[in-house]
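A.B. asks: Below you will find the structure I want to go over with you.
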């Protein structure tokens, strides 16, 4: 207590230096706590499920038999969407390995309404009756087997509380796109946010004796097949048998391409993405750099007062204080400043929570869950130990004789070393900032293949004739220069099918977007060869498709396999998907 009393009496005497210390420590804590907590949050992906090590996801690697080329899906070699019956078939044929299996479809095409009120950002998935057993999610109310009924839905605790309040959600009705009515049949426990399968409610995937969006073993591989194994050690055994099990129902080869099926533990899926690993490395590197710079700022400000406070330390030693007492005094002083900095940091984080959640794409309530609270605690303790022990050790070594003369330290090497480290750290952080600004400007100004300024879009599921009426109504508005309609947003993946060469080989995944005649004009898409649309069956293709098809003599007048109509023009490549992946062929 005497040490704290000393700190509270001494700190006001150097208010300017202490304000600088608090600002430096607060900034270091804000960055360190947020970035290190984000890293811990992402490293614990999928760990919220019971026995998560036993949960696996079926994936498929597609390889060209003649060239060895592997089809990339979002910069990954594995495609984790498969045919609808895969999960049930594996559970039926390999019961000694698979305890439960579930078919899930994560397509979200419609807005969700409750009593004509739009539920903004409401997320949902389609799943079968085995979903909750497979994932290990407790059902708090209702019978999970009710998912066999089309139009049934189970809602999460949080969703039920936010939408229905204290009322019983069972029996309530939700609407998808004001067309599909859903009846709430039960409530399940909330799922942690750090999972690849986020959802506010689960809808029955069963339709007419089959699956919604499904086409059996014939195609439309848009489903996830989750399996819960009887033992985590069975993964290798399952991978050795899964190929033959699936080939009982569908061929493993087609048109010169081979499909190799395997399973991957879901706890490894998130970190399997190279972009995620790179991002976490940058978070860690940046967090450590700024955190270390903040600590060095504190140490150097404290050391700069060495000559000024040496005499008072000598007086304390003349009064009977030992080196341990002096060390404790400065440790208490640091503790008070760190406590103030912690309070200021959390106040700033709370007030800026909307911006932070938008930047990190995670809610603060999930980032600072009880399971990860050790991260901010460790950051604070590390800051206190390093910022307190170094100055405390230096001041505790001041001899008692310094009360009679001015303190000087002829050994300047260590001071210069500290300054060198500080300047290097500050320069490094400044360099990172300049690189980040440069990258941001590059991305924001990069050519997307469309005229971005002034371009807005709105998505909805409405009949074609209604879409035409909406288009005409918007076109009459004075602020609208042009209005068009298409089946897909210009950004993101479109409808897909294999791009086949003239000799029947699959070259790549073709993106298809059906649109109105004025689409290229409104979107600002440049035609580099031929002309735009003139009649219904006209086709426009991008430069990447022409390159893959090796049409060196031009594409105009040619046919595209699998599509009715004739190519009338070639447009500049549109970057509809991530810059991390390659350019997609588009028609």
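Numbering (the numbering used here), first residue to last: 4 to 590. For every residue, glycine included, the Cβ atom is placed at its ideal position computed from N, Cα and C. Note that the structure is a prediction, hence the values are computed from the model and not measured.
1. Of all the CB atoms in chain D, is at least one closer than 8 Å to the CB of residue 394?
2. Which residue comes first and which comes last in the alpha helix (DSSP H) that contains residue 586?
3. Between residue 44 and residue 365, is the Cβ-Cβ spacing less than 8 Å?
4. Measuring alpha carbon to alpha carbon, tell me which of 300, 267 and 444 ends up nearest residue 421.
5. Between the beta-carbon of residue 85 and the beta-carbon of residue 108, is there less than 8 Å?
6. Specify, as a first and last residue, the run of the beta strand (DSSP E) that residue 545 falls within.
7. Kindly indicate which residue of 185, 168 and 181 has the alpha-carbon position closest to the one of residue 174.
8. Cα-Cα, which of 552, 260, 116 and 397 is closest to residue 333?
9. With H, G and I counted as helix, E and B as strand and the rest as coil, what does DSSP make of residue 406?
10. In the DSSP assignment, what residue or residues form a beta bridge with residue 133?
11. Any contact between the stretch 112-123 and the stretch 91-104? By contact I mean 3 or more CB pairs, one from each, below 8 Å.
12. Whole angstroms is fine: what's the gap from residue 392's alpha carbon to residue 31's?
13. To which residues does DSSP link residue 513 through a beta bridge?
14. To the nearest angstrom, report how far apart residue 275 and residue 46 are at their CA atoms.
15. Which residue marks the beginning of the beta strand (DSSP E) containing residue 179, and which one marks its end?
16. Pairs of beta-carbons, one from the stretch 150-167 and one from the stretch 181-196, closer than 8 Å: are there three or more?
17. Compute the beta-carbon to beta-carbon distance between residue 302 and residue 394, rounded to the nearest angstrom, for a pair I have assumed lies under 8 Å.
18. Report the CB separation of residue 562 from residue 555 in whole angstroms; it is logged as a contact under 8 Å.
19. Report all residues from its chain with a CB closer than 7 Å to the CB of residue 22; omit the five preceding and five following residues, and keep chain order.
20. For a test of the three-state rule: what should DSSP assign to residue 252, helix, strand or coil?
21. Here's a check: name, in chain order, each residue in its chain whose Cβ is nearer than 7 Å to the Cβ of residue 54, leaving out the five neighbours to either side.
22. What does the Cβ neighbour count give for residue 288, buried or exposed, with the cut at 16 atoms within 10 Å?
23. Please name the residue in 179, 488, 350 and 292 whose C-alpha comes closest to that of residue 469.
24. Considering only DSSP beta bridges, list what residue 207 is partnered with.
25. Can you list, in chain order, the residues of its chain whose CB lies under 6 Å from that of residue 298, leaving out five sequence neighbours each side?
26. Let's test the definition: count the other Cβ atoms within 10 Å of the Cβ of residue 123 and tell me whether it reaches 16, buried, or not, exposed.
27. Within 10 angstroms of the Cβ of residue 68, are there 16 or more other Cβ atoms? Answer buried if so, exposed if not.
28. Which of the three DSSP states, helix, strand or coil, is assigned to residue 212?
29. Spell out the partners DSSP gives residue 268 in its beta bridges.
30. How about the stretch 573-582 and the stretch 448-460: do they share at least three Cβ pairs that are nearer than 8 Å?
31. Is there contact between the stretch 535-543 and the stretch 467-484, where contact requires at least three CB pairs shorter than 8 Å?
32. Under a Cβ-count criterion, where at least 16 other Cβ atoms within 10 Å of its own Cβ denotes burial, should residue 247 be classed as buried or exposed?
33. If you reduce the DSSP assignment to three classes, tell me which class residue 452 lands in.
34. Alpha carbon to alpha carbon, how far is residue 513 from residue 263? Give it in angstroms, no decimals.
C.D. replies: In short, the structure shows the following:
1. Going by chain labels, chain D is absent from the structure shown, which holds only one protein chain.
2. For residue 586, there is no enclosing alpha helix (DSSP H), as DSSP marks it with neither H nor E.
3. Between residue 44 and residue 365, the C-beta spacing is below 8 Å.
4. Distance check between residue 421 and each of 300, 267 and 444 places 300 closest, using alpha-carbon atoms only.
5. Not closer than 8 Å, so no.
6. First-last of the beta strand (DSSP E) with residue 545: 541-545.
7. Among 185, 168 and 181, the Cα nearest to that of residue 174 is on 185.
8. The shortest C-alpha separation from residue 333 is found at 397.
9. At residue 406, the pLDDT of 49 sits below 50, so the modelled position is not reliable; the number obtained from the coordinates is stated separately. Helix.
10. BP columns for residue 133 are empty, so no partner.
11. Counting Cβ pairs under 8 Å, fewer than three are found: no touch.
12. Residue 392 and residue 31: Cα-Cα distance of roughly 18 Å.
13. For residue 513, which the question treats as bridged, DSSP gives the partners 500.
14. Using only the alpha carbons, I get a separation of about 11 Å.
15. Taken as a continuous stretch (DSSP letters only), the beta strand (DSSP E) holding residue 179 covers 176-179.
16. Flag = yes, the stretch 150-167 and the stretch 181-196 touch.
17. Between residue 394 and residue 302 the Cβ distance is about 6 Å, and since that is below 8 Å, they are a contact.
18. Not quite, the Cβ-Cβ distance comes to about 17 Å (not below 8 Å), so this is no contact.
19. The same chain holds no residue with a CB closer than 7 Å to that of residue 22 once the five nearest residues on each side in sequence are set aside.
20. Looking at residue 252 - three-state DSSP - the assignment turns out to be coil, as it is neither helix nor strand.
21. Setting aside the 5 residues that flank it on each side, residue 54 is surrounded in the same chain by 139, each with a C-beta closer than 7 Å to its C-beta; the list follows chain order.
22. Only exposed fits residue 288, as fewer than 16 other CB atoms lie within 10 angstroms of its CB.
23. That would be 488, whose Cα lies nearest to the Cα of residue 469.
24. Per DSSP, 130.
25. Within the same chain, and ignoring the five residues on either side of residue 298 in sequence, the residues whose Cβ sits closer than 6 Å to its Cβ are 389 and 390.
26. It counts as exposed.
27. Residue 68 should be labelled exposed.
28. In the three-state DSSP reduction, residue 212 falls in the coil class, being neither helix nor strand.
29. Partner(s): 59.
30. The stretch 573-582 vs the stretch 448-460: in contact.
31. Contact fails between the stretch 535-543 and the stretch 467-484, because fewer than three Cβ pairs, one in each stretch, are under 8 Å apart.
32. Label assigned to residue 247: exposed.
33. In the structure shown, residue 452 sits in coil (DSSP, three-state: anything other than H, G, I, E or B).
34. Near 21 Å, if we compare the C-alpha coordinates of residue 513 and residue 263.
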